[in-house]
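Trainee: Offset between the sequence shown (1-based) and the working numbering: plus 15.
Each residue gets a CB set at the ideal place from its N, CA and C atoms; glycine is no exception.
The structure's right below; bear with me while I get my questions together.
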Amino acid sequence: MNSLFMMPPWRHDRQMLKTIERCGALAGALCRFLSQGQNMRQVCQTVADMEIMLAQLRLNGLAAMIDDEKVRKLDALSQRLLTQQPATINTGEG
Numbered sequence: 016m017n018s019l020f021m022m023p024p025w026r027h028d029r030q031m032l033k034t035i036e037r038c039g040a041l042a043g044a045l046c047r048f049l050s051q052g053q054n055m056r057q058v059c060q061t062v063a064d065m066e067i068m069l070a071q072l073r074l075n076g077l078a079a080m081i082d083d084e085k086v087r088k089l090d091a092l093s094q095r096l097l098t099q100q101p102a103t104i105n106t107g108e109g
């Protein structure tokens, strides 16, 4: 794995603060895309930043916990989707 992703353990607090900042930037970019038609490339750049930050969190000790939560959440989503009634489409006719 690329050494750029690794972070010394004493910098975890700083890394988490930077991750919070990147989350906010992503939320802002998505809002600007929806409300102002911001360029999708700018949204993708912000998503790339966020993915790098998440990869750093994984490599610095949180990978197993993240994977466990992801499996749990995907299982819950799967159960919800299986129990939902198929949506009916309103065509405006009749």
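Would you call the CB atoms of M65 and L41 closer than 9 Å?
Mentor: Stepping through the sequence shown from its first residue, residue 65 is reached at position 50. Stepping through the sequence shown from its first residue, residue 41 is reached at position 26. Taking 9 Å as the Cβ cut-off, M65 and L41 qualify as a contacting pair.
Trainee: For Q53, collect the residues of the same chain with a Cβ closer than 6 Å to its Cβ; drop the 5 residues on either side in sequence, then sort them by chain order.
Mentor: Within the sequence shown, residue 53 is the residue found at index 38, counting from 1. Excluding residues within five positions, the ones whose Cβ falls inside 6 Å are R47.
Trainee: Rounded to a whole number of angstroms, what is the C-alpha to C-alpha distance between T34 and Q71?
Mentor: Position 19 of the sequence shown, counted from the start, is the residue given in the question as residue 34. Position 56 of the sequence shown, counted from the start, is the residue given in the question as residue 71. About 9 Å.
Trainee: Are there 16 or more other CB atoms within 10 angstroms of the CB of M80, so buried, or fewer, so exposed?
Mentor: For the purposes of this step, residue 80 is taken as the residue at position 65 of the sequence shown. Label assigned to M80: exposed.
Trainee: Taking a contact to mean a Cβ-Cβ separation below 9 Å, would you say L77 touches V58 in this structure?
Mentor: Here residue 77 refers to the residue found at position 62 when the sequence shown is read from its first residue. Here residue 58 refers to the residue found at position 43 when the sequence shown is read from its first residue. Not closer than 9 Å, so no.
Trainee: Going by other Cβ atoms of all chains shown within 10 Å of its Cβ, with 16 needed for buried, is M68 buried or exposed?
Mentor: Taking the sequence shown and counting its residues from 1, one reaches residue 68 at position 53. Looking at its Cβ environment, which holds 16 or more other Cβ atoms inside 10 Å, M68 is buried.
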